[in-house]
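A.B. asks: Pasting a structure here, questions to come.
Printed below as a string of structure tokens:
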């Protein structure tokens, strides 16, 4: 009887030990499954980010046919960049030009009526009734100044402005003693009347232009 009891206890202990091993194996398997699921989830998230990035780059490529850098817009024979930094959204004319040059470009130069009309279509429109606002902060710096000789407007490539340009009625002008030697482009109601002059130290957005890749 004692031998049978000992044997039964031993078998019971073995059974418990076997169940414990099975339980440990199950816990290990669950942990491995969770680790695998977490890894798959992370990989999926990475793929989603990569997919979004590729989609964005593809969109940029489609917009510019791969001839402009990412973030630039191809418009006929030029690539344009709307300069606006999150940390420093507005720049004076000189800093705006320096930013364009750093990007391998220069401030935009309007060489034809076609280019003028195209820029009018793609750039944001402003409310012409709030002149005080747009004349101090609105619009975009472009590559046109009369810094060298007052009243003689010249593009940054040293080509003089032809045919009186596309000035807003009443522009260019000088208010008091303050020199207004730099030109800006703004979209109001008339696509042929978009330019105004302002002091070069006024801070606003800017428009860069460069030739597209061949």
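In this note's numbering, the protein residues as written are 248 to 461. Note that beta-carbon positions come from the ideal geometry of N, C-alpha and C, so glycine has one too. As the structure is a prediction and not an experimental result, all values here were calculated from the model.
Going by DSSP, which residues form a beta bridge with residue 434?
C.D. replies: Residue 434 is bridged to 372.
A.B. asks: Would you list the one or two residues that DSSP bridges to residue 401?
C.D. replies: 392, 407
A.B. asks: Can the beta-carbon of residue 337 be found less than 7 Å from the beta-carbon of residue 451?
C.D. replies: Yes; because the gap between Cβ atoms is below 7 Å, this pair is in contact.
A.B. asks: Let me know if residue 419 comes out buried or exposed under the rule of 16 or more other beta-carbons within 10 Å of its beta-carbon.
C.D. replies: Around the Cβ of residue 419, a 10 Å sphere holds 16 or more other Cβ atoms; the residue is buried.
A.B. asks: When you compare only the Cα positions, how much space is there between residue 256 and residue 266?
C.D. replies: 15 Å
A.B. asks: Label residue 298 either buried or exposed according to how many other C-beta atoms from any shown protein chain fall within 10 Å of its C-beta, with 16 as the threshold for buried.
C.D. replies: Because the pLDDT at residue 298 is just 47, under 50, the model does not fix this residue reliably, and the point stays unresolved.
A.B. asks: Anyone know if the C-beta pair for residue 396 and residue 428 falls short of 7 Å?
C.D. replies: no
A.B. asks: Given a cut-off of 7 Å, decide if residue 394 and residue 355 are closer than it, judged by their beta-carbon atoms.
C.D. replies: no
A.B. asks: Taking 6 Å as the cut-off, is the beta-carbon of residue 396 closer than that to any non-hydrogen atom of the ligand ZN?
C.D. replies: Only the bare structure without any ligand can be found here, which leaves the ligand ZN out of the picture.
A.B. asks: Shortest alpha-carbon distance to residue 469 belongs to which of 273, 455, 426?
C.D. replies: Residue 469 is absent from the model: the chain starts at 248 and stops at 461.
A.B. asks: Roughly how many angstroms lie between the CA atoms of residue 410 and residue 347, to the nearest whole one?
C.D. replies: 26 Å
A.B. asks: Within its chain, find whatever has a CB closer than 8 Å to the CB of residue 324; leave out the 5 residues flanking it on each side and keep chain order.
C.D. replies: 458, 459
A.B. asks: Kindly indicate which three-state DSSP category residue 452 falls into: helix, strand or coil?
C.D. replies: strand
A.B. asks: So residue 455 packs on residue 328, CB below 8 Å; how close in whole Å?
C.D. replies: 4 Å
A.B. asks: Return yes when the Cβ of residue 438 is within less than 7 Å of the Cβ of residue 364, no when it is not.
C.D. replies: yes
A.B. asks: Under a three-way DSSP split, which group does residue 315 fall into?
C.D. replies: Three-state DSSP puts residue 315 in coil, outside helix and strand.
A.B. asks: Excluding the 5 residues preceding and the 5 following residue 372 in the sequence, name in chain order all residues of the same chain whose CB lies nearer than 8 Å to its CB.
C.D. replies: Cβ neighbours of residue 372 beyond the five flanking positions: 434, 435.
A.B. asks: Report the residue from 341, 369, 359 whose alpha carbon sits nearest the alpha carbon of residue 207.
C.D. replies: Not covered by the structure: residue 207. The range shown for the chain is 248 to 461.
A.B. asks: Going by beta carbon distance, what residues of the same chain come within less than 6 Å of residue 415, once the five residues before and after it are set aside?
C.D. replies: 440, 443
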